[in-house]
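Report on the following structure.
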Amino acid sequence: LLAQLRYELSYVEYWRGRTRESRDLAASGLEYLSEGPGGSELHLQLARTAAGLGDADAARQAVAHAHDLR
48 LLAQLRYELS YVEYWRGRTR ESRDLAASGL EYLSEGPGGS ELHLQLARTA AGLGDADAAR
108 QAVAHAHDLR
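Per the working numbering, residue 48 is the first one in the sequence shown, and the count goes up by one each step.
Here's what the structure looks like:
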């Protein structure tokens with residue numbers, strides 16, 4: 048439940064233009080759930096925020112983790 052809440056808050060913050068806060072929330076969610084479909088969603092959100100911050104390597108790594116979980 049805490050992971051889902053952080054994912055949703057991360058999503059809202061991203062679309063509000065608060066990319067760093069969004070990244071931190073997604074990373075925090077992974078502390079609660081890092082496997083399965085929920086973990087995959089969090090990794091994809093982390094990739095989106097990393098890309099938005101210009102960190103291509105972190106974005107690629109997060110996408111790879113999401114792919115591995117699926």
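In this text, a Cβ means the ideal position worked out from N, Cα and C, and glycines have one as well.
All values reported here derive from a predicted model rather than from experimental measurement.
- Here residue 90 is buried. Its C-beta has 16 or more other C-beta atoms within 10 Å.
- If you draw a 10 Å sphere on the C-beta of residue 76, you find 16 or more other C-beta atoms in it, and that means buried.
- The continuous alpha helix (DSSP H) containing residue 95 extends over residues 83-99.
- In the DSSP annotation of this structure, the continuous segment of the alpha helix (DSSP H) that includes residue 107 starts and ends at 103-116.
- About 18 Å separates the CB atoms of residue 87 and residue 56; that is not less than 8 Å, and the two are not in contact.
- For the pair residue 111 and residue 96, the CB atoms are not nearer than the 8 Å cut-off.
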